[in-house]
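Engineer: Following this message is one structure expressed as structure tokens.
4 protein chains.
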Amino acid sequence: MAKKKGVNIALVGQGFMGRTHSNAWGQVAKFFDPPRTPIMHTVFGQPQEQPQDFADNWGWLNASTDWKQLIASDEIDLVDIVTPNFMHAPVAEAAIAAGKNVSCEKPIAATLKGAREMAAAAKKAKVKTFVWYNYRRCPAVALAYKLVKQGKVGQIRHVRASYLQEWADDSVPLAWRFDKKLSGAGAHGDLNAHIIDMMRFVTGQEITEICGAIAKTFIKERQLMTGTVAGGIADGLKKSSKKGKVTVDDTVLFLARFSGGAVANFECARQATGNYNRNGFEINGTRGAIRFNFERMNELEYFDATAERTVQGWTTLMCTHAGDHPYLDAWWPDGHPIGYEHAFTNMAYDILRVLAGKKPVVPMPDFEDAYQTQRVLEAAMISAREKQAVKLSLVK
Amino acid sequence: MAKKKGVNIALVGQGFMGRTHSNAWGQVAKFFDPPRTPIMHTVFGQPQEQPQDFADNWGWLNASTDWKQLIASDEIDLVDIVTPNFMHAPVAEAAIAAGKNVSCEKPIAATLKGAREMAAAAKKAKVKTFVWYNYRRCPAVALAYKLVKQGKVGQIRHVRASYLQEWADDSVPLAWRFDKKLSGAGAHGDLNAHIIDMMRFVTGQEITEICGAIAKTFIKERQLMTGTVAGGIADGLKKSSKKGKVTVDDTVLFLARFSGGAVANFECARQATGNYNRNGFEINGTRGAIRFNFERMNELEYFDATAERTVQGWTTLMCTHAGDHPYLDAWWPDGHPIGYEHAFTNMAYDILRVLAGKKPVVPMPDFEDAYQTQRVLEAAMISAREKQAVKLSLVK
Amino acid sequence: MAKKKGVNIALVGQGFMGRTHSNAWGQVAKFFDPPRTPIMHTVFGQPQEQPQDFADNWGWLNASTDWKQLIASDEIDLVDIVTPNFMHAPVAEAAIAAGKNVSCEKPIAATLKGAREMAAAAKKAKVKTFVWYNYRRCPAVALAYKLVKQGKVGQIRHVRASYLQEWADDSVPLAWRFDKKLSGAGAHGDLNAHIIDMMRFVTGQEITEICGAIAKTFIKERQLMTGTVAGGIADGLKKSSKKGKVTVDDTVLFLARFSGGAVANFECARQATGNYNRNGFEINGTRGAIRFNFERMNELEYFDATAERTVQGWTTLMCTHAGDHPYLDAWWPDGHPIGYEHAFTNMAYDILRVLAGKKPVVPMPDFEDAYQTQRVLEAAMISAREKQAVKLSLVK
Amino acid sequence: MAKKKGVNIALVGQGFMGRTHSNAWGQVAKFFDPPRTPIMHTVFGQPQEQPQDFADNWGWLNASTDWKQLIASDEIDLVDIVTPNFMHAPVAEAAIAAGKNVSCEKPIAATLKGAREMAAAAKKAKVKTFVWYNYRRCPAVALAYKLVKQGKVGQIRHVRASYLQEWADDSVPLAWRFDKKLSGAGAHGDLNAHIIDMMRFVTGQEITEICGAIAKTFIKERQLMTGTVAGGIADGLKKSSKKGKVTVDDTVLFLARFSGGAVANFECARQATGNYNRNGFEINGTRGAIRFNFERMNELEYFDATAERTVQGWTTLMCTHAGDHPYLDAWWPDGHPIGYEHAFTNMAYDILRVLAGKKPVVPMPDFEDAYQTQRVLEAAMISAREKQAVKLSLVK
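Chains as they are written, first to last, in this note's numbering: chain A, 1 to 396; chain B, 1 to 396; chain C, 1 to 396; chain D, 1 to 396.
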């Protein structure tokens with residue numbers, strides 16, 4: 001067997017996403033046969049994060065505490081960014097400047113300006129960029145994309161998307177996710193970003209107008225944590241007795257119109273009791289409908305409005321058929337569920353395909369694409385603030 | 001057994017709601033033990049509707065083709081209105097003027113002004129009024145009300161309500177429901193009216209602001225039907241080859257704030273493929289959550305956020321326990337579902353209770369209450385038209 | 001409109017089934033257009049049951065305390081039997097002897113011999129007989145029958161049927177259902193009878209062998225009730241401080257083979273905690289599969305194994321489409337559930353069709369058919385007792 | 001950080017289970033903190049299986065084509081067996097003879113005698129043994145065990161377990177799974193073995209009697225495959241034009257009694273259309289009930305019969321709470337599903353715990369335990385053959 005070209009990867013950051021990305025890079029070649037071999041070259045962490053331990057645990061060959069040097073290294077082919085949001089832009093721009101391909105966690109920047117500049121820099125430098133909107137590569141969501149593309153839903157009239165969580169009750173301290181300086185945004189950037197991207201992906205359409213929005217912070221103060229938050233690293237910090245101000249939203253709802261004529265509502269929440277991680281949607285069209293709920297991520301529900309009416313109804317597709325469902329050739333036999341992290345591994349596979357000049361299994365968001373999502377995020381916030389509708393064409 | 005006092009009922013109108021009301025009046029004393037005996041005195045219909053046949057079928061003692069005379073009759077105690085919407089106000093006002101108690105289908109009037117006047121007239125005349133927002137008396141919804149009232153949901157943060165149907169595709173002709181003159185409103189008055197009432201009922205709160213709205217008509221022209229549509233009677237008409245303009249909405253979405261601080265979204269649709277009659281909601285609070293879908297009307301889902309976390313989750317309550325669930329003493333043993341029409345029979349029971357000076361099982365909407373719902377409907381339409389947020393306090 | 005011929009009905013018995021049958025006879029002509037008009041002529045009850053009150057409540061024209069005289073009356077066309085099981089045979093045989101058509105609750109007799117004799121008597125007398133295996137006329141079950149008949153399931157390989165309840169915990173006293181003399185059988189006759197009939201109906205096949213069985217009584221003694229139990233009437237009795245022996249089973253499980261080669265398991269239970277009234281089945285064949293659970297009685301789940309594999313899965317059919325689903329023309333618009341009692345009304349309609357010489361919507365069980373079901377019940381009990389397989393051909 | 005002691009592992013076999021075990025050994029130390037470090041020392045494969053490629057892909061340090069030599073090597077601490085069933089006993093016995101700890105796929109032997117001898121040999125040699133009944137370590141099943149143990153289900157009355165698949169239609173050739181010589185058993189050994197173990201585990205009880213059974217082969221002949229099947233390796237073989245006889249069952253159903261008084265039914269199937277991998281159960285007790293379906297493996301349904309009746313029902317527990325649910329500390333945040341292979345990784349963790357002298361998270365089956373499961377399998381086959389009940393005490 002001829003040896004494949006390798007891709008030397010630098011992971012910048014650790015944390016939750018550091019773990020999922022490390023897992024993805026470690027698993028991808030075991031399950032898939034990617035056209036490039038991923039080499040887990042170096043992980044960067046702040047000294048107090050003990051990056052060598054992280055490297056040892058996840059199989060990175062090296063550890064570094066100097067991301068600038070790391071990025072500049074000739075040995076690195078791909079810079080994978082999993083820092084808190086406020087650090088995405090500086091790291092990405094340095095990597096682009098060094099001519100590296102970049103894969104970055106979402107949302108790519110804390111501000112719309114940042115996203116626009118990142119997209120422009122990438123375009124100019126002609127590097128390849130990738131944004132980890134991982135839910136696109138959940139097989140059920142990739143299947144939804146395919147069904148829409150095949151015309152099985154017909155002309156789309158209704159889009160409903162919501163990403164509901166419940167973890168952020170009063171007992172949770174003022175972590176970086178509640179601080180606008182570190183996170184750039186609250187639930188909106190964390191959760192609505194995902195469903196905006198997902199709905200743009202599944203429908204193949206753009207949002208043209210925000211028709212009203214609400215942004216609300218239910219819990220306005222939270223307990224401070226002691227210690228520095230260098231690099232946004234919250235692990236290991238302790239709660240202090242003092243309270244600090246929450247500077248981001250807990251929930252954002254908005255109404256929208258799509259370029260193909262559909263009307264839509266979007267909602268994210270961090271205190272939607274009963275919903276651990278309900279990232280879901282329903283789309284109704286002239287020929288059918290689809291719906292999805294990530295808590296049952298192996299299933300897509302499909303309604304075929306063209307079927308014989310006697311046997312018409314919502315069909316629960318268990319998206320585990322090798323040969324028929326995206327990414328499933330790599331995994332287990334029919335009826336054997338996959339989990340959360342598999343979408344990241346699927347994404348790693350597609351990154352390696354794109355780096356080898358091949359098409360990804362389903363379209364892959366780059367910085368330009370992520371900038372479009374960020375325009376929608378921004379327009380929704382303007383609408384909430386101004387209490388009126390906002391045309392997307394006015395938000396650059 | 002001492003004979004109970006009777007209530008002589010006049011039903012004004014036939015059609016779909018005429019059948020459900022007739023069934024309710026015929027069934028209520030068989031299953032419940034109401035404090036007044038309902039007497040199905042007379043049904044009114046246009047001559048071409050053949051009210052005598054309707055009377056024979058459903059057990060009305062008499063039929064009439066003159067509603068004014070009927071209402072004025074000394075023999076009538078309660079006037080029950082099931083005409084198309086545009087006729088609600090004239091009939092109701094005549095009945096009130098005659099000193100009759102009135103029960104009326106929803107929405108009570110085609111215009112906000114009409115609703116305000118009906119409420120005022122009823123107040124002045126001191127008659128009892130009832131509005132057939134029947135879903136309040138679906139046992140699962142009545143239970144939701146009780147659970148909220150008991151504090152099981154805590155402080156409400158999120159309300160999501162939608163009423164989705166799919167019957168109105170291109171093949172459906174221009175029936176009275178698509179004609180603003182006859183119906184007063186489209187999906188908004190037909191469907192959003194129900195969920196606005198239901199959410200006001202379940203939460204015990206008022207809507208204070210509409211924060212954005214969309215109203216859209218997907219199918220702008222439909223085939224005309226031949227024949228007169230006197231009294232809005234569509235049955236038996238034939239499609240013509242010509243098309244006419246649809247003058248009402250197909251879908252209306254809006255965002256709202258509740259008096260207790262919750263944020264909300266509402267949506268109704270007539271082309272939401274895959275949803276036959278999905279009248280549903282989800283409410284999340286600080287102590288729990290509830291959700292409901294009328295297509296599984298015997299079930300309420302409840303999430304107890306105060307439960308031991310190991311066994312915490314959504315519990316499907318089958319609302320069929322006599323003794324524990326509202327209205328169930330009257331019906332079947334546990335686990336034996338009831339159907340759509342039972343909520344109307346439950347409502348008939350509560351009307352008879354109120355007429356006898358007793359409290360209904362759960363609160364009953366009167367004209368004043370229905371006027372409040374109509375203010376919300378109006379505010380949402382203003383918001384959609386003006387493309388901006390609208391405070392409810394400005395809509396009278 | 002030409003007046004239809006009437007059918008004078010005598011209802012023998014009251015109780016739970018008396019109520020459901022009375023409701024069915026009262027509702028059938030309101031919703032359907034039956035070819036014969038049901039006339040609720042007379043209800044029989046024991047004097048202490050106060051049959052006149054029952055008659056007044058449900059709309060029977062007369063009440064009687066002498067069933068023998070009632071049955072003999074020339075005015076009666078159809079005798080409808082809802083007594084406790086031990087009285088079925090005497091009443092049915094007297095009715096047959098009087099040349100009356102008979103509809104009887106299930107199981108038709110307390111013993112196999114009784115059932116055989118009833119079937120023979122009916123055959124000889126050439127009267128029409130009907131057995132209230134009501135679940136056949138639950139629209140979803142009737143649809144299952146049709147789908148199997150159309151070949152949508154293919155050759156059947158697996159049948160699983162269970163009827164699980166949970167009401168019979170230790171606190172329930174020794175009602176007639178626990179006394180073999182009055183009931184003839186326990187859960188087996190009460191519940192397995194239904195699912196044996198239902199599976200014979202849906203598959204169109206006969207059971208040829210019982211391959212093992214268990215019968216068990218978990219609660220062997222229960223509190224006695226004071227008062228006489230004339231006619232098996234338990235209503236109004238009080239618990240005594242003494243205990244008496246339960247003489248019937250609480251649960252019966254058995255394995256079986258069907259004439260078409262399928263293997264099957266059956267189970268009934270009265271203490272299957274969590275199951276209020278879970279009468280359900282799953283059938284797998286070479287071309288598809290169906291499953292049903294009465295607690296969601298408006299739904300049938302269907303799996304089309306011939307569908308394109310990408311969109312293959314279990315489809316939830318909401319069985320509420322007029323025109324497409326059995327009996328639905330009579331009821332409500334799409335997506336409006338019906339309830340438990342509607343299957344009885346559907347059955348009343350089919351009885352009136354058969355009495356008018358028309359075919360029922362789906363096949364109707366007569367005494368001969370019910371005798372076949374009773375042979376299976378008997379064979380299962382023999383298998384449980386003898387601890388070995390039993391061929392049906394040996395049980396007459 | 002002090003370095004932990006390592007465990008040198010030899011994997012004997014490749015195939016589907018070779019992949020799941022390799023993944024488990026590779027992942028366990030990344031997600032858990034096991035008290036021993038797993039070292040993926042050597043994988044054995046037949047020369048035509050190209051074990052070096054397998055080793056390279058999955059991270060085994062060495063490859064071998066001589067399992068006898070491998071097992072005898074002083075460097076090996078644990079022999080992990082994933083060969084076809086007929087090879088389990090010879091490999092396990094050789095490993096035991098060499099004083100190695102052994103983990104073996106299920107069922108441990110092709111015959112009851114083989115299982116008994118393996119258990120005896122292990123006992124005598126005082127090595128540690130483990131059997132990969134992986135479903136015990138699916139968090140929802142482990143939680144079921146804990147809930148039963150805590151008394152939340154009370155005294156168990158009903159057990160229903162089934163493992164339904166549908167892959168084995170006529171088009172599938174005569175692979176090793178259909179050949180009794182290679183597999184030892186059909187669906188019974190493959191699938192019923194899992195649910196017998198799972199029910200023994202969850203209930204904490206033993207099966208005392210088989211009360212009837214059916215074993216059936218629906219498809220009696222299948223296309224032969226060309227090529228040798230050395231070591232049962234089917235991959236890469238082609239279908240021949242000739243047919244051969246299927247010598248194992250497609251489906252086995254049996255009824256049983258548990259030591260605590262419960263009655264049970266069990267069923268496995270390979271042609272249960274619509275069921276990809278429905279490994280599931282329902283258990284009803286005096287205080288509650290639980291049910292599970294592997295196709296929704298992250299969920300356990302729980303019914304608390306002691307709850308206030310108004311809010312009583314089936315609760316869907318999403319088994320993803322770190323701190324509250326077994327094994328979840330190692331994985332993702334709440335509401336992020338895990339997949340099929342995670343149960344194997346959880347098992348690898350528990351094996352490493354036991355090797356370090358610690359208790360596993362939930363009880364672990366050893367050869368003796370697996371022998372008990374095999375006695376049940378054997379008794380069911382006797383019952384099917386003899387057409388009568390079989391006491392477990394008679395099957396050694």
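C-beta: ideal position from N, C-alpha, C; glycine also.
Scan the segment 315–329 of chain A for residues whose Cβ lies nearer than 9 Å to a Cβ of chain D and list them as they occur along the chain.
Structural biologist: Under the 9 Å Cβ criterion, the segment 315–329 of chain A contributes 318, 320, 321.
Engineer: Check whether chain C comes within 9 Å of residue 171 of chain D, counting only Cβ atoms and requiring the distance to be less than that.
Structural biologist: Chain C contact via Cβ: absent.
Engineer: Using 9 Å as the threshold, is the C-beta distance between residue 256 of chain C and residue 208 of chain C below it?
Structural biologist: The answer is yes: Cβ separation under 9 Å.
Engineer: Hey, how far is the Cα of residue 273 of chain C from the Cα of residue 381 of chain B?
Structural biologist: Near 50 Å, if we compare the C-alpha coordinates of residue 381 of chain B and residue 273 of chain C.
Engineer: Which residue comes first and which comes last in the beta strand (DSSP E) that contains residue 260 of chain B?
Structural biologist: Here residue 260 of chain B belongs to no beta strand (DSSP E), and DSSP marks it neither H nor E.
Engineer: Alpha carbon to alpha carbon, how far is residue 176 of chain C from residue 248 of chain C? Give it in angstroms, no decimals.
Structural biologist: When rounded, the distance between both Cα atoms is 10 Å.
Engineer: If distances are taken between C-alpha atoms only, which option among B/269, B/69, B/80 comes closest to residue 24 of chain B?
Structural biologist: Closest by alpha carbon: B/80.
Engineer: Return the CA-CA distance between residue 10 of chain C and residue 254 of chain C, expressed in angstroms with no decimal places.
Structural biologist: Going from the Cα of residue 10 of chain C to the Cα of residue 254 of chain C covers about 37 Å.
Engineer: Chain D partners of residue 334 of chain A, CB-CB under 9 Å?
Structural biologist: Result: 165, 166, 167, 276, 277.
Engineer: So what does residue 117 of chain D bridge to, in DSSP terms?
Structural biologist: Paired residue(s): none; residue 117 of chain D is not in a bridge.
Engineer: Could you tell me which of A/59, A/36, A/5 sits nearest to residue 21 of chain A, measuring between CA atoms?
Structural biologist: Of the listed residues, the one whose Cα sits closest to residue 21 of chain A is A/59.
Engineer: Which partner residues does residue 405 of chain B have in the DSSP bridge list?
Structural biologist: Any property of residue 405 of chain B remains undetermined from this structure, which presents chain B solely from 1 to 396.
Engineer: Using the Cα positions of residue 201 of chain D and residue 170 of chain B, report the straight-line distance between them to the nearest angstrom.
Structural biologist: Whole-angstrom Cα-Cα distance: 58 Å.
Engineer: Under a Cβ-count criterion, where at least 16 other Cβ atoms within 10 Å of its own Cβ denotes burial, should residue 232 of chain C be classed as buried or exposed?
Structural biologist: Residue confidence is low: residue 232 of chain C scores 38 on pLDDT, short of 50, so the model does not pin down where it sits. Its coordinate-derived value is still stated next. Buried, because 16 or more other Cβ atoms sit within 10 Å of the Cβ of residue 232 of chain C.
Engineer: Between the Cα of residue 140 of chain B and the Cα atoms of B/321, B/373, B/348, B/375, which residue gives the shortest distance?
Structural biologist: When only C-alpha atoms are compared, the closest one is B/321.
Engineer: Nearer than 8 Å: is that true of the beta carbon of residue 135 of chain C relative to any heavy atom of the ligand GTP?
Structural biologist: As presented, the structure is devoid of all ligands, the ligand GTP included, so that no description of it is given.
Engineer: Can you tell me whether DSSP reads residue 166 of chain D as helix, strand or coil?
Structural biologist: Correct three-state label for residue 166 of chain D: coil.
Engineer: Do you know offhand how far residue 332 of chain B's Cα is from residue 263 of chain D's?
Structural biologist: Taking the straight line joining both Cα atoms gives about 30 Å.
Engineer: Tell me whether the beta-carbon of residue 142 of chain B lies closer than 9 Å to the beta-carbon of residue 326 of chain B.
Structural biologist: Contact flag set, yes.
Engineer: Name the DSSP beta bridge partners of residue 138 of chain D, please?
Structural biologist: Answer is none; residue 138 of chain D lacks a bridge partner.
Engineer: Rounded to a whole number of angstroms, what is the C-alpha to C-alpha distance between residue 304 of chain D and residue 148 of chain A?
Structural biologist: Distance between the alpha carbons of residue 304 of chain D and residue 148 of chain A: 42 Å.
Engineer: Please look up how many angstroms separate the CB atoms of residue 35 of chain A and residue 28 of chain A, rounded, as I've assumed it's under 8 Å.
Structural biologist: Rounded, the Cβ-Cβ distance is 11 Å, inconsistent with contact.
Engineer: Quick one: grab the DSSP three-state call for residue 199 of chain C.
Structural biologist: Helix, per DSSP.
Engineer: Please work out which residues of its chain come closer than 6 Å, Cβ to Cβ, to residue 314 of chain B, disregarding the five sequence neighbours upstream and downstream, and give them in chain order.
Structural biologist: Cβ within range, chain order: 301, 303.
Engineer: Quick one: using the 10 Å Cβ neighbour count with 16 as the cut-off for buried, is residue 369 of chain D buried or exposed?
Structural biologist: Label assigned to residue 369 of chain D: buried.
Engineer: Exposed or buried, what is residue 3 of chain B when buried is set at 16 or more other beta-carbons lying within 10 Å of its beta-carbon?
Structural biologist: When all chains shown are included, residue 3 of chain B counts as exposed.
Engineer: Is there a Cβ from chain A that is less than 9 Å from the Cβ of residue 152 of chain C?
Structural biologist: Answer yes: the Cβ-Cβ gap between residue 152 of chain C and chain A drops below 9 Å somewhere.
Engineer: At the level of alpha carbons, what is the spacing between residue 45 of chain D and residue 88 of chain D?
Structural biologist: Distance between the alpha carbons of residue 45 of chain D and residue 88 of chain D is about 14 Å.
Engineer: Measure from the C-beta of residue 160 of chain C to each C-beta in chain A and report whether the shortest distance is under 9 Å.
Structural biologist: So, not an interface residue.
Engineer: Following the continuous alpha helix (DSSP H) through residue 31 of chain C, name the residue where it begins and the one where it ends.
Structural biologist: Run containing residue 31 of chain C: 15–31, per the alpha helix (DSSP H) assignment.
Engineer: Taking C-beta pairs closer than 7 Å, name the residues in chain D that residue 309 of chain B reaches, listed in chain order.
Structural biologist: Near residue 309 of chain B (Cβ distances below 7 Å), the residues of chain D are 321, 324.
Engineer: Considering only the beta carbon of each residue, do residue 286 of chain C and residue 157 of chain C sit closer than 9 Å?
Structural biologist: Contact flag set, yes.
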